Amino acid sequence: MDAQLSYSASVTVDGELREVAGNEAIEITNIITGSQVIGTTYEVLATTVIPQSGMVLYNTGDVDVSVRIRLSHFSINEYLPFNLIAGGVMFFPRVYFNDEGRAAQMEDIYARSASGTVTVDYCLLYA
Amino acid sequence: MTITITVNAKGVKWSRTASIEVDAAQYQQGNSGNSALFPPEGTASSMGIHSFAGMAVALFANKSKGAVQELYFYTGSTMTSGVSLSTYHPFILYAGTGTGFSGAINGSATDTDTPTLDADYARIGSFTGAQTSQALVGLKPIS
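Heads up: the sequence lines are chains C and A, in that order.
Note that this note's numbering has the first sequence beginning at 783, numbered continuously upward.
Note that this note's numbering has the second sequence beginning at 13, numbered continuously upward.
Here it is in C-alpha cells:
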C-alpha cells in the first residue's frame, strides 16, 4: 500500500508568496497514529520499533519539546536533539549524520518537554 | 510562515500545520552538488541575501526523483549534524522561540542534551542521483 506524504512551507513577504511544496508516494505496510503525554525527562516516544519510512510529530503544547535521535553504528554512539517547538510539526526520516558526516540509522527516538507536560501527536509510517 | 504535513494512507488522513512569525524569508534552489542552501551570515550579507545570524525556521526538500541527498547543519563553521533525504522528502528545523529550548539542534555523546545550538548555515549535497533541492527559510533575530 502507498502512503501519500505531502508537505508545504509558505510565506508572503512584501506581497509576494514564496512556497516550497511536494508530494511523494511511500510504500508502507502500516500506518499508526496517536498521541503521547511526555514530561521533562527523556522517554521513548511512540514506539520501540522504529518505522523504516519515517514519522511525523506535532507538538500540541505551549512549550518546546526536544526530540532526541540516537545513532548507534560501529563506533558512533551519539544523540541528535532537535527542537520541536510549541505548535511545530516535523518529519523525521530514518538516516542521519553525526558531526563527522558519518551516516547511521536512527536506533531510537526519545522526547522530553522543556517544562511541565506536553502532548505530542504522532503518525508512524512502517515499510 | 506556515508549514503543513499531510499523510494519506489506508483510509487515514493525518494533517498538522505550524505557523511561525518571521520578519523575512529566503527561497533558494540548488542544482549542483554541495549547494549552500542557507549561506552563513557573512557570506549572505556580502551577497545582499540577508543579515540574520541563523535560521528561525526552515523547510528543506529533495526535489530529485530517485536521488538521496545529504543535508548538513552548521553552528558557526562547525558541522553539528545532518539528515539523509530520500526522494521528495522534506526536513524542517525550528530555532528556539522563547518557549523552552534555546536552539534548533545539538549533537553530542550525552544523552541528556537538548537543542541549544542555532543552525547558522545549511549545506546539501547528493549521495546518489540528481541534485536539485529547495529551501524556504524564515528569518528573524534568533540570538
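Where a beta carbon is used, it is the ideal one built from N, C-alpha and C, also for glycine.
Note that the coordinates shown come from a computational prediction; the quantities given were computed from them, not determined experimentally.
Would you say residue i and residue j are within 8 Å of each other, going by their C-beta atoms?
i	j	result
F139(A)	S96(A)	yes
L827(C)	A785(C)	no
G836(C)	F874(C)	yes
S47(A)	I136(A)	yes
F113(A)	A791(C)	no
P127(A)	N865(C)	yes
A107(A)	D125(A)	no
A142(A)	F72(A)	no
Looking at the structure shown, is residue i part of a helix, part of a strand, or coil, going by DSSP?
i	result
S96(A)	strand
A803(C)	strand
M783(C)	coil
T14(A)	strand
A56(A)	helix
K25(A)	strand
Q143(A)	coil
D881(C)	coil
F64(A)	coil
G821(C)	coil
T794(C)	strand
According to DSSP, residue i sits in a beta bridge with which residue or residues?
i	result
I104(A)	L71(A)
F85(A)	S93(A) and A134(A)
H855(C)	I858(C)
F873(C)	V838(C)
N865(C)	S848(C)
A36(A)	L151(A)
I832(C)	For I832(C), which the question treats as bridged, DSSP gives no partner whatsoever.
Cα-Cα, which of the options is closest to residue i?
i	options	result
N74(A)	I104(A), S89(A) and F64(A)	I104(A)
A134(A)	V149(A), T122(A), A121(A) and D123(A)	V149(A)
Y904(C)	G898(C), V849(C) and L839(C)	L839(C)
I849(C)	I820(C), Q834(C) and G898(C)	The sequence given here has Val at residue 849(C), not Ile. Closest by alpha carbon: I820(C).
S857(C)	Q834(C), I891(C), E882(C) and Y908(C)	E882(C)
Y1(A)	I32(A), P51(A) and S31(A)	Nothing can be reported for residue 1(A): it is not among the residues displayed for chain A, which extend from 13 to 155.
P833(C)	E825(C), T822(C), Y824(C) and I814(C)	I814(C)
T901(C)	I891(C), Q818(C), M783(C) and N805(C)	Q818(C)
G23(A)	R876(C), T822(C) and N812(C)	N812(C)
R884(C)	S27(A), N20(A) and G119(A)	G119(A)
If you drop the 5 nearest sequence neighbours on each side, which residues of the same chain put their C-beta closer than 8 Å to that of residue i?
i	result
L853(C)	N859, E860, Y861, L862, Y878, N880, A886, Q887, M888 and E889
V34(A)	M13, A68, V69, G150, L151 and K152
Can you list, in chain order, the residues of its chain with a C-beta nearer than 6 Å to that of residue i? Leave out the 5 residues immediately preceding and following it.
i	result
T29(A)	T16
Excluding the 5 residues preceding and the 5 following residue i in the sequence, name in chain order all residues of the same chain whose CB lies nearer than 7 Å to its CB.
i	result
G898(C)	V845
G869(C)	N841
A803(C)	Y789 and S790
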